[in-house]
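Numbering (my numbering), first residue to last: 7 to 515.
All residues carry an ideal CB built from backbone N, CA and C; glycine is no exception.
Being a predicted model, the structure only gives us computed values, none of them experimental.
These notes concern the structure reproduced below.
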Amino acid sequence: MPHDRASGAKPAGPCAMVIFGAAGDLTKRLIVPALYNLACANLLPKDFAIIGFDLAAHTNEDWEASLAEMIQAFVKEDGRNEQVNQNVWKWLTSRMSYVQGDLNDPASYEKLKSKLSETDGKKGSDGNYVFYLAIADRFFGTTVEHLGQSGLAAQNNGNWRRVVIEKPFGRDLGSAQVLDKQILSVLNESQIYRIDHFLGKETVQNIMMFRFANGLFEPVWNRDRIDHVQITVAETVGVERRGKFYEKTGALRDMVPNHVFQLVAMTAMEAPNSFSADAVRSEKVKAIQAIRVCHLKDVPCNAVRGQYAAGEMDGQAVAGYRQEPDVSPESNIETYVALKLAIENWRWSGVPFYIRTGKRLAIRKTQIAIKFKETPAALLRDTQVKKPAPNWLLLRIQPDEGISFEFGAKIPGPTMRLGDVRMDFKYQDYFGTAPATGYETLIYDVMIGDATLFQRADNIESGWRVVQPVLDYWAAEKPKFPNYDAGSQGPAEADDLLKHDGRAWRAIK
Ligand code: BG6
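Pasting the structure below:
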């Protein structure tokens, strides 16, 4: 659990949580482990029920058994190398039940409704329900409509009903708007929790604290002092078993308007008036709305895509994207994307934000690198120093979470020479590591009704608006794929994006 939460927060109030997609991967890998961590931290409601809903034929017992296996593996992997705390696990599983149902069938929602009223009586959930849509995106709209028709979404007698919607929220601007309209015809905005798990990461939440709770940084956080910003979300994994999903999605849709733009917004936003959900979200949306939406003809100068070929990772040969399971051998889907963004507001005008994300890159690293402007070189002219020191502030989001500052220092000795040095803060040194999936905070926040870390409709739509011309341009142009080797820094074309501006990417190492 996040450090502060575990030490300061109280258990959430009574509710039941329905997980649609209960037999799926997300439930097993992230939602149930997050519930387990919340239970260990004593943050779940005392009166609580979990209802799994899925098409798969399960009984209560074998659903629980499949989760028990997974949780055992999870606590080992999670760096704890522990045994499952059987008291906690029993507490959790005694609150679980399973409903076999079809998302398209009204009768299934009636079945769910009776199960919920049964648990209201037995587990005291007070008629407060979280509906977690851990299902394929094509079912989001229909499921919400069924929740409306069955009366399950209606908030009466002081109880609440909240719906958590996973990504991808739409495939483009048009479909995101259609989906919003569809769900807003059933729910009001305050009932909708559009999840982006990057916001569950402590290091992402810390960007606001770092900027706004420390007096030092704000005065230099602007176009007067910052030269440019590089945001990297590099992964070593390929598409694994997700070929079918990825063939319809690609790196741009999968990562940019959601995860990467969260990092852009946190870095670029103005200080909100408070940490209330709407104050924070309004500032974030303003930052994304200030990004210039480029004309179709300008896409090639501002966007680069790539697809990995076979290569080597950690000394092991790995397949190219086109050889992955469920991927077409002629696929033109991108597994890498780099964009140059111009944020046209008073703070950032003239400061490019370069972003890149890709699969099968040299190492796993998510980082925001802020390059400050250099000093005038005149002073150093008669020394051996050829160039002033580059000053970089690095927000290390994952792994090796922390913050570093790189600057120049005089190398001891009789002559004036400059060496590159680095100051480092590591989360682990100060706060230890607490096992977390990143979903704990988010699930807890839904239960207590805090939407700060969730996306409002305008956040999502402004993100899609920026990437839409790129999607359109790429849909009409055939790429020369594959164009980077697995285990490399990504395609050479991405280097040109910065070279053109007299800059270079930091190495992914
Ligand atoms: C998911 C994407 O949303 O985020 C995946 O669909 C990606 O393709 C993942 O691998 C990255 O998340 P994390 O937390 O592992 O950095």
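- The beta carbon of residue 243 lies closer than 7 Å to those of 365 in the same chain, with the five residues before and after it left out.
- A contact between stretches requires three or more CB pairs, one per stretch, nearer than 8 Å, and the stretch 420–432 meets this requirement with the stretch 402–411.
- When DSSP states are grouped into helix, strand and coil, residue 296 belongs to the coil group.
- The Cβ atoms of residue 342 and residue 496 lie closer than 8 Å to each other.
- A direct Cα-Cα distance of roughly 29 Å separates residue 177 from residue 355.
- Between residue 262 and residue 499 a beta carbon distance of about 17 Å is seen, past the 8 Å cut, so the two are scored as non-contacting.
- The closest heavy atom of ligand 1 lies less than 7 Å from the beta carbon of residue 241.
- Residue environment analysis places residue 27 among the buried positions, since at least 16 neighbouring C-beta atoms fall within 10 angstroms of its C-beta.
- The C-beta distance from residue 291 to residue 265 rounds to 16 Å, too long to fall under 8 Å, and the pair is not in contact.
- Annotated as distal: residue 23 and residue 66, with beta-carbon spacing of 8 Å or more.
- Taken in chain order, the whole beta strand (DSSP E) runs of length 3 or more contained in the stretch 275–353 are 309–312, 317–319, 322–324 and 342–347.
- With respect to the C-alpha of residue 198, the residue from 452, 114, 256 and 488 having the closest C-alpha is 452.
- For residue 444, the shortest separation between its Cβ and any heavy atom of ligand 1 lies below 7 Å.
- Distance between residue 494 and residue 324, taken at the CA atoms: about 12 Å.
- Placement of the Cβ of residue 422 at a distance of 7 Å or more from every heavy atom of ligand 1 is found.
- Relative to the non-hydrogen atoms of ligand 1, the Cβ of residue 372 comes within a distance shorter than 7 Å of at least one.
- Collapsing the DSSP output to three states places residue 480 in a helix.
- Looking at the backbone, the Cα of residue 258 and that of residue 482 are separated by about 15 Å.
- Around the CB of residue 155, fewer than 16 other CB atoms lie within 10 Å, so the residue is classed as exposed.
- Across the set 402, 414, 473 and 185, the C-alpha of 473 shows the shortest separation from the C-alpha of residue 301.
- Following the DSSP letters along the chain, one finds residue 400 inside the beta strand (DSSP E) bounded by residues 398–404.
- In its chain, beyond the 5 residues on either side, 287 have a beta carbon closer than 6 Å to the beta carbon of residue 462.
- Distance between residue 373 and residue 444, taken at the CA atoms: about 17 Å.
- Residue 150 and residue 305 do not touch by the CB rule: their CB atoms are close to 34 Å apart, not below 8 Å.
- Taking all protein chains in view, the Cβ of residue 179 is crowded by 16 or more other Cβ atoms within 10 Å, so the residue is classified as buried.
- Residue 152 sits buried, since 16 or more C-beta atoms from the chains shown fall within 10 Å of its C-beta.
- Residue side-chain check: residue 236 keeps its Cβ at 7 Å or more from all non-hydrogen atoms of ligand 1.
- Proximity of the beta carbon of residue 34 to ligand 1 is not indicated: no heavy atom of the ligand is located closer than 7 Å.
- At a threshold of 7 Å, residue 319 does not count as near ligand 1, since its beta carbon sits no closer than that to any of the ligand's heavy atoms.
- Between residue 270 and residue 237, the C-beta gap is smaller than 8 Å, which places the two residues in contact.
- For residue 103, the uninterrupted beta strand (DSSP E) run begins and ends at 102–106, by DSSP.
- Nearest Cα to residue 233 within the set 131, 128, 99 and 381: 381.
- For residue 416 and residue 274, the gap between their C-alpha atoms comes out near 32 Å.
- Between the stretch 329–339 and the stretch 386–402 there are fewer than three inter-stretch CB-CB distances shorter than 8 Å, so the stretches are not counted as touching.
- Taken through DSSP and simplified to helix, strand or coil, residue 151 comes out as helix.
- About 6 Å separates the CB atoms of residue 448 and residue 201; that is less than 8 Å, so the two are in contact.
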